[in-house]
Amino acid sequence: MALTAVKGFNDILPDESGRWQYIEQTARRVFELNGFGEIRVPVMEKTELFCRSIGDATDIVEKEMYTFTDKGGNSVTLRPEGTAGVMRAFIEHKLYAQDPISKLYYLGPMFRYERPQKGRYRQFHQIGAEITGVHDPLADAQVLNMLTTFFREIGLTEPTLQINSLGCPECRPAYRATLRSFLEERMEHLCEDCKRRFDTNPLRMLDCKVPGCIEATAGAPSVLEHLCSGCDEHFSSVRRYLDLSATPYSINSRMVRGLDYYTRTTFEMVTGLLGSQSAVAAGGRYDGLISQLGGPAIPGIGFALGLERVALLLGSQDFASLPDLFIATMGGGERDFAFSLMDGLLKAGVRVEMDYEGKSLKSQMRRADKLKARYSVVIGGDEVASGRASFKRMIDGLQTDVALTVGDIQSLIGKSE
RNA sequence: GUGGCUGUGGUGAAGCGGUUAACACGUACGACUGUGACUCGUAUAUUCGAGGGUUCGAUACCCUCCAGCCACCCCA
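Be aware that the first sequence starts at 2, since it is given in the working numbering, and climbs by one per residue.
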């Protein structure tokens, strides 16, 4: 049996990588327009970083991390998400000392030991963006606008924005207690998972899909009605800014996060097209994270979007670039001439292909067709002697006689520099 | 981590105990020895995810493993 890739780790083949590049380029363009700069951080960090940021009791840290001991005896982990590493770098290099506000984006592989499914793999890829140093809800709105713009630019209308507020250390404990006492009375109607969540993460119970639980929690108190005045005002301002920028959204007061560091604004871009992997992008505010990691008390907000899921939503559109010209040759004698011509055109930025193996003219023309070259030309003894050749426009077969110079060929195929 | 379904060539698939393992797409070459697409012809799975077992005989039945999908879970 031949060797295969590790379960949940996938190859991205050329017919698919065009789509990935399109997603990445669109993200870079939109993010950089908004003033974000790329940060590249390692794929592996000390395990402690993730325990302290994501939260010891979360599923990610408890059972999904690729953690191992390296040869020096240190516990290290393949990053399960991007924010923690970016914030570690932010603190380590004291980026806040150069500029009180920073806007960073990153992209790359993340690793989680989960059961693979469509849109969910053990190595998956995220593009994320983070703003630090801004308390003002304007930052929340900009991030949400940017995310919305990204999806619009890429040509998708499907994922829709849902927002919520999780409160802050001031008001969340009180809400938690209120929710707990509400749920306690209905314990017998709840599923086993929810009974367990009651102790670990009662907010998560609002997100349960078991019909009995949905019914039992129908009248549960909403976070939004238990926000302190600061959080309430913040949330209203976020909504006002979203309205001002005509950013469509809906409020989902039952939306929960799987990472402990979130405060106040949280959001998701959700779709109904990906089965149970409905979140295409998600994020929120994390005002306590940086100080929790040993940095100064600087607020932050950000999101990450799942590349695989966006790629899935884009479908099988073809983003590959096509050759401008295919050069066919009659025999060995003309290949030196053709090779020089190809070389000159490539250096001028024209995408050229030619036959590599001295195949029959028919085979060469078939290949020109298969590669979807826009033009083809046959170089034989006559062409070498006269310095002119007949260029065929493949789409309609129209032939044009042109001198075999880089400039003339460029002007024919409409690809000048 | 739990449950269910599935696994035949590069792809989509028929066959479901004894077949030359159908058909289509794709690919290669040719018909057309200087021009692709359409058409036609020829070739293209010693083998049915892997390993065991039952059987005179297994791609088909059984077991184990592996992989994929779906739901749960979780999440991007």
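Using N, Cα and C, we set each Cβ at its ideal position, and we do this for glycine too.
Residue i to residue j span [Cα, whole Å]
i	j	result
histidine 126	aspartate 409	44 Å
valine 378	aspartate 402	10 Å
leucine 204	arginine 255	8 Å
phenylalanine 10	glutamine 118	12 Å
glutamate 354	leucine 413	17 Å
cysteine 172	arginine 80	31 Å
isoleucine 291	isoleucine 328	59 Å
tyrosine 376	glutamate 33	36 Å
arginine 113	tyrosine 67	7 Å
leucine 14	arginine 20	11 Å
threonine 201	proline 212	21 Å
tyrosine 106	arginine 394	43 Å
proline 300	leucine 326	54 Å
cysteine 195	serine 277	19 Å
leucine 148	valine 135	18 Å
leucine 145	leucine 294	25 Å
leucine 139	serine 246	11 Å
leucine 50	glutamate 82	11 Å
valine 281	arginine 258	14 Å
valine 224	aspartate 261	16 Å
leucine 243	serine 237	10 Å
serine 279	proline 170	29 Å
leucine 315	cysteine 52	35 Å
glycine 273	alanine 217	24 Å
valine 7	arginine 41	25 Å
Residue i classed as buried or exposed, judged by whether at least 16 other C-beta atoms fall within 10 angstroms
i	result
glycine 350	exposed
aspartate 319	exposed
serine 54	buried
alanine 219	exposed
serine 166	buried
serine 417	Below a pLDDT of 50, predicted positions are generally treated as unreliable, and serine 417, at 42, falls in that range; the measurement from the model is reported next regardless. It counts as exposed.
glycine 332	exposed
asparagine 88	The amino acid occupying residue 88 in the given sequence is methionine; asparagine does not appear at that position. Methionine 88 is buried by the Cβ-count criterion.
tyrosine 122	buried
threonine 266	buried
leucine 191	buried
glutamine 163	buried
isoleucine 128	buried
alanine 85	buried
proline 324	buried
glutamine 99	exposed
methionine 188	exposed
glutamine 396	Note that residue 396 corresponds to isoleucine in the displayed sequence, not to glutamine. Burial call: exposed.
threonine 330	buried
leucine 399	exposed
Helix, strand or coil at residue i according to DSSP, with G and I counted as helix
i	result
phenylalanine 32	helix
histidine 126	strand
glutamine 400	strand
isoleucine 92	helix
isoleucine 24	helix
methionine 331	coil
methionine 188	helix
phenylalanine 69	strand
lysine 393	strand
serine 322	coil
lysine 210	coil
isoleucine 155	coil
lysine 348	helix
glutamate 63	helix
Beta-carbon proximity check, residue i vs residue j, cutoff 7 Å
i	j	result
tyrosine 287	tyrosine 263	yes
alanine 130	glycine 303	yes
alanine 142	valine 271	no
arginine 310	glycine 168	no
cysteine 155	threonine 27	Residue 155 is actually isoleucine in this sequence, not cysteine. In this structure, threonine 27 lies closer than 7 Å to isoleucine 155 by Cβ.
serine 182	threonine 133	no
tyrosine 176	histidine 235	no
alanine 390	leucine 405	yes
alanine 339	isoleucine 380	yes
proline 160	phenylalanine 151	no
serine 76	threonine 59	no
Counterpart residues of residue i in DSSP-defined beta bridges
i	result
valine 87	Valine 87 is not bridged to any residue.
glycine 303	Glu131, Gly285
glycine 109	Gln127
tyrosine 242	Tyrosine 242 pairs with nothing; no bridge assigned.
serine 166	Thr266
alanine 280	Val271
serine 251	Gln163
glutamine 118	Arg121
glycine 38	Leu105
lysine 47	Val77
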